[in-house]
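Residue numbers for the sequence shown follow the numbering used here, so the first one is 417 and each next one is one higher. C-beta: ideal position from N, C-alpha, C; glycine also. Only a predicted model underlies this, so the values are computations on that prediction, with no experimental measurement involved. This report refers to the structure that appears directly beneath it.
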Amino acid sequence: MEAPTKTQPNVTVRVFKRQFSSNPRGARLARRIGLYQLHTWGIPYLSDASESAALIIGELTANAATHGRVPGRDFELGLTHTPGDREVLGALRIEVSDTRTECRPPGPGEIAVPEDGDDSGRGMLIVDALADRWAVIDREPPGKTVRAELDLLY
């Protein structure tokens, strides 16, 4: 007697990594190129997933260009797309890495809500609200990576 076999569908995990200048222009360019890449992978512009990714990428790259900036060093945007189907959720991982170690954002559950009238401090609240999972990770060479993941419904 043979055990029944179940065939697994082929899954292509797509990966994108690119470095950008640590300045506001680099952050804007990273967001635009990231969204274009998602569109080529089948996550269309203006879809819920694309809009959430745009806000997360925008916030993390702006933080890297502002708070994670080290003169002469770039930041890196990484995207990983694992497609799903009607039975299995797909996933989108967004990673933004910089080389500054001493300026870490608060992790999940550590974010303080800013006072009314404060001009900053809301960005990581947006990431926390939109991402299904996220974390701040040390990396080698020195620096940190902020990773956010979105579950994609099909």
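Worksheet item: Taking DSSP as the reference, what is the three-state secondary structure of Val486?
Response: coil
Item to complete: Give the DSSP bridge partners of Leu566, in chain order.
Response: Leu508
Fill in: Boundaries of the alpha helix (DSSP H) in which Asp544 is found, first to last residue
Gly539 to Leu546
Practice prompt. Give a yes or no on contact between the stretch 518–525 and the stretch 463–475, applying the rule of three or more CB pairs nearer than 8 Å.
Written response: no
Worksheet item: Should Gly539 go down as buried or exposed, given a rule of 16 or more other Cβ atoms within 10 Å for buried?
Response: buried
Worksheet entry | Those residues which DSSP pairs with Glu492 across a bridge | Gln435 and Ser513
Worksheet item: Hey, is the stretch 436–443 in contact with the stretch 456–470, meaning 3+ C-beta pairs nearer than 8 Å?
Response: no
Fill in: Cβ pair count under 8 Å reaching 3, the stretch 486–502 against the stretch 543–552
no
Item to complete: Using the Cα positions of Thr498 and Pro487, report the straight-line distance between them to the nearest angstrom.
Response: 34 Å
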